[in-house]
Amino acid sequence: MLNQRTRIILTFLVIIAMTFTIFDLRGGKGPFSSVRSVLSSALGGVQVATSVIVSPITGIGSWWGTWGDQRARIAELESQNATLQDTAIRSAEDRARADALDQLLRVAGVGRYRIVPAEVIAVEAAQDFTWTVTIDAGRNDGLLTDMTVLNGQGLIGRILSTTRTTATVVLIVDASSAVGARVAGTEEIGILSGTGRQDSLEFQSLDPLADIAPGQALVTFGSRSGRPYAPGIPIGEVVEVSGTAGQLTRIATIRPFADVSALSIVGVVIRPPREDPRDSVLPSPAATPSGPSDLASPSPAPVDDGASAAATATAKPQKEKAAKPVPSSSARAATNSGSN
Amino acid sequence: MWMRQSTLCASIIVLAVMVQLTLLSRLGLPGATPDLVVVSVVALALAYGPVAGAVVGFVAGLVLGFTPPAGGLIGIQALIFLVIGFLTGGVIDPRDRTVPILVGMVGLSAGGAALAYALLLAAFGTDQVIWDEVPKLVLTSSLYGLILAPIVVPAVAWLVRKITPETAL
Numbered sequence: 084m085l086n087q088r089t090r091i092i093l094t095f096l097v098i099i100a101m102t103f104t105i106f107d108l109r110g111g112k113g114p115f116s117s118v119r120s121v122l123s124s125a126l127g128g129v130q131v132a133t134s135v136i137v138s139p140i141t142g143i144g145s146w147w148g149t150w151g152d153q154r155a156r157i158a159e160l161e162s163q164n165a166t167l168q169d170t171a172i173r174s175a176e177d178r179a180r181a182d183a184l185d186q187l188l189r190v191a192g193v194g195r196y197r198i199v200p201a202e203v204i205a206v207e208a209a210q211d212f213t214w215t216v217t218i219d220a221g222r223n224d225g226l227l228t229d230m231t232v233l234n235g236q237g238l239i240g241r242i243l244s245t246t247r248t249t250a251t252v253v254l255i256v257d258a259s260s261a262v263g264a265r266v267a268g269t270e271e272i273g274i275l276s277g278t279g280r281q282d283s284l285e286f287q288s289l290d291p292l293a294d295i296a297p298g299q300a301l302v303t304f305g306s307r308s309g310r311p312y313a314p315g316i317p318i319g320e321v322v323e324v325s326g327t328a329g330q331l332t333r334i335a336t337i338r339p340f341a342d343v344s345a346l347s348i349v350g351v352v353i354r355p356p357r358e359d360p361r362d363s364v365l366p367s368p369a370a371t372p373s374g375p376s377d378l379a380s381p382s383p384a385p386v387d388d389g390a391s392a393a394a395t396a397t398a399k400p401q402k403e404k405a406a407k408p409v410p411s412s413s414a415r416a417a418t419n420s421g422s423n
Numbered sequence: 003m004w005m006r007q008s009t010l011c012a013s014i015i016v017l018a019v020m021v022q023l024t025l026l027s028r029l030g031l032p033g034a035t036p037d038l039v040v041v042s043v044v045a046l047a048l049a050y051g052p053v054a055g056a057v058v059g060f061v062a063g064l065v066l067g068f069t070p071p072a073g074g075l076i077g078i079q080a081l082i083f084l085v086i087g088f089l090t091g092g093v094i095d096p097r098d099r100t101v102p103i104l105v106g107m108v109g110l111s112a113g114g115a116a117l118a119y120a121l122l123l124a125a126f127g128t129d130q131v132i133w134d135e136v137p138k139l140v141l142t143s144s145l146y147g148l149i150l151a152p153i154v155v156p157a158v159a160w161l162v163r164k165i166t167p168e169t170a171l
């Protein structure tokens, strides 16, 4: 393809170029340094001359410079704007978070649970078919496996495993979850199993003759020393009963109070109350038609102040299932407020 | 003829280097500096063929390496421009050249030169290359090459026909 002459010329040029490079790479005063200085000064002279000739044109450079300054200014203002917007959103978010904490404290206060508040920091991918989340409290906060996790609405799940600073929570809707539950206002107990679907649980009454009707609420039955589940925590309400009284098994479908797909602030019960709070923790008095706990008369749900702020805030925290900073000092400060 | 051709090439190269270093690099354009030298090398290679293109590229690279603000390794640019001059001078038969092909070749050369320079600098063991900047530099260099090509290539071709009519392809 290449003739002899071409090859010689190319090889020669490549070798010279490489030689220059290698000597330059070696640094110091190589054999080419004098050549270099002579050439540089000659070319430098030409350059000075050219520079003088083109100097009127390089004034354009200042235009570009100004343009760059303005861009920097715009960028600065934009970042400032973003910061302010962020602050505005954050304050709405903080309010929503404070509301969630308030509700949690109400539950903890009425039920006399000693709780550690925590925030959900990770959620298992939906396509994995397991309902587990990670919270940002762990062994260092006194968490142990099988402790009860709840939020302002009701029962969330129990702790499956812990690390120093985080814990994995298996939610009540997970198919592997089973909770001992009691129908509020009665003595009917049974086993509440997860179905793997986020809005339905199955309640199987131990007494086949039990009279269960839609609208009745379920609370946890409680285990010894409160693990895995502390007593009296609202779980959900009956939406449907299949089978008739007297059948060997009666299955009720339960809709959980807590929306497990939108968890943010949760509480971990590190010490159950000395006495079973019975039905007192249930949010509305209507759900507790009878029973000794009526005396407790739980305070109504916190008033929703500032509907506009809540409107902006609702969408945001619900999406915040992924990594999020540790709750602020207000959340940490609440750690011991739930104690009696 | 040989004398005139050399003088013409040398003048164009020195002019390109000077304009590039004193004018184009000071305009503060975003991204890379428009690589007028590469464009000129390609233009001369297109006019005189691969061997002359290689020699012109080699000389242009050395001139650029020796001209004062140059901070890189001398010889790398000579090597790159040599290859570019050789390839652009010979890769496409002069009868098949169309305007989009010529402009595209210049753009590719300018971008390729920027990329090759970064790669060779790294290959020679220097740690000057900021890899985050490389894609932007390559892209903008190509873009400026595309912009310069329709001006420089016809101008050089006209000069070549005017001064050395017997060698014009």
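If you read the protein sequences in the order shown, they are chains A and B. Under my numbering, the first sequence is numbered contiguously, ending at residue 423. Under my numbering, the second sequence is numbered contiguously, ending at residue 171. Where a beta carbon is used, it is the ideal one built from N, C-alpha and C, also for glycine. All values derive from a computational prediction rather than experimental measurement.
Separation of residue j from residue i, as counted between CA atoms
i: B/L117; j: A/Q163; result: 36 Å
i: A/A398; j: A/Q186; result: Because A/A398 sits at a pLDDT of 40, beneath the cut-off of 50, its placement in the model cannot be relied upon, and the following sentence gives the value as read from the coordinates. Near 18 Å, if we compare the C-alpha coordinates of A/Q186 and A/A398.
i: A/D342; j: A/E323; result: 19 Å
i: A/P381; j: A/G268; result: Because A/P381 carries a pLDDT of 42, less than 50, the predicted location of this residue cannot be relied on, and no value is offered for it.
i: A/R310; j: A/Q236; result: 20 Å
i: B/Y112; j: A/A171; result: It is Ala, not Tyr, that sits at residue 112 of chain B in the sequence shown. Answer to the nearest angstrom: the Cα atoms are 48 Å apart.
i: B/A151; j: A/S347; result: 59 Å
i: B/P156; j: A/R88; result: 29 Å
i: B/P96; j: B/V162; result: 15 Å
i: B/S8; j: A/R154; result: 46 Å
i: B/G147; j: B/G109; result: 5 Å
i: A/T231; j: A/D169; result: 34 Å
i: A/V352; j: A/I204; result: 18 Å
i: A/S260; j: A/S244; result: 14 Å
i: A/P339; j: A/Q299; result: 12 Å
i: A/E202; j: A/R247; result: 15 Å
i: B/I82; j: B/V140; result: 14 Å
i: A/I92; j: A/T102; result: 15 Å
i: B/I86; j: B/L31; result: 24 Å
i: A/T133; j: A/V121; result: 18 Å
i: B/C11; j: B/I149; result: 22 Å
i: A/T251; j: A/I218; result: 6 Å
i: A/R197; j: A/A183; result: 17 Å
i: B/E135; j: A/L126; result: 29 Å
i: A/S344; j: A/T228; result: 22 Å
i: B/K138; j: A/T94; result: 33 Å
i: A/R156; j: B/G33; result: 19 Å
i: B/L121; j: B/V101; result: 30 Å
Nearest neighbour of residue i, chosen from the options [CA to CA]
i: B/F88; options: B/A49, B/G33, B/L66 and B/V140; result: B/A49
i: B/L75; options: A/I318, A/F340, A/A100 and A/T104; result: A/T104
i: B/M107; options: B/V162, B/A120 and B/V93; result: B/V93
i: B/G91; options: B/A45, B/S8, B/V140 and B/I103; result: B/A45
i: A/G319; options: A/G277, A/S259, A/D294 and A/I157; result: A/G277
i: A/S306; options: A/A345, A/D107, A/E285 and A/R357; result: A/R357
i: A/I295; options: A/D282, A/E270, A/G279 and A/Y312; result: A/E270
i: A/A359; options: A/A345, A/A335, A/L365 and A/A313; result: Here residue 359 of chain A turns out to be Asp, not Ala, going by the sequence shown. Answer by Cα proximity: A/A313.
i: A/P291; options: A/D177, A/S325, A/R354 and A/A258; result: A/S325
i: A/D107; options: B/I149, B/E135 and B/L123; result: B/L123
i: A/R90; options: B/S143, B/V136 and B/L84; result: B/L84
i: B/A115; options: B/L23, B/G33 and B/V40; result: B/V40
Cutoff 6 Å; reference residue i; Cβ partners in own chain excluding five residues on either side
i: A/I272; result: R265, L289 and F304
i: A/L233; result: I239, I316 and G350
i: A/I99; result: none
i: A/D224; result: V199
8 Å contact criterion, which residue i and residue j should meet: CB distance rounded
i: B/P67; j: B/V43; result: Note on residue identity: the sequence assigns Gly, not Pro, to residue 67 of chain B. The pair is not a contact, with the Cβ atoms about 14 Å apart (cut-off 8 Å).
i: A/P297; j: A/V321; result: 5 Å
i: B/V61; j: B/I15; result: 6 Å
i: A/T249; j: A/Q287; result: The pair is not a contact, with the Cβ atoms about 33 Å apart (cut-off 8 Å).
i: A/L167; j: A/W214; result: A/L167 to A/W214, Cβ: 38 Å. No contact.
i: A/V256; j: A/L226; result: So it is not a contact: roughly 21 Å between Cβ atoms.
i: B/V57; j: A/L96; result: 7 Å
Sequence-distant residues of the same chain with beta carbon closer than 8 Å to residue i, five excluded per side
i: B/F126; result: L75 and I78
i: B/V21; result: L38
i: A/P375; result: Caution is warranted here: a pLDDT of 40 is assigned to A/P375, below 50, making its placement in the model unreliable, and no coordinate value can be reported.
i: B/I103; result: I94
i: A/L301; result: A264, R265, V266, A267, L275, F286, P317, I318, G319, E320, V321 and I337
i: B/L26; result: T35, P36 and L38
i: A/I334; result: E285, F286, Q287, V324, S325 and G326
Residue i at chain C interface by Cβ criterion, 8 Å
i: A/L275; result: Reference to chain C is not applicable here, since the protein chains of this structure are A and B.
Own chain, CB closer than 7 Å to residue i, minus 5 neighbours either side, in chain order
i: B/V158; result: I14, S42, A45, L46 and A49
i: B/I165; result: R6 and L10
Query raised in the report: Which runs of the beta strand (DSSP E), 3 residues or longer, sit entirely within the region 279-313 of chain A?
Result: 284-288 and 300-303
Requested in this report: For the region 79-149 of chain B, list the alpha helix (DSSP H) runs that are entirely contained and at least 4 residues long, ordered along the chain.
Outcome: 101-125
**Report entry** Secondary structure, alpha helix (DSSP H): runs of 4+ residues fully inside the region 200-265 of chain A
**Finding:** none
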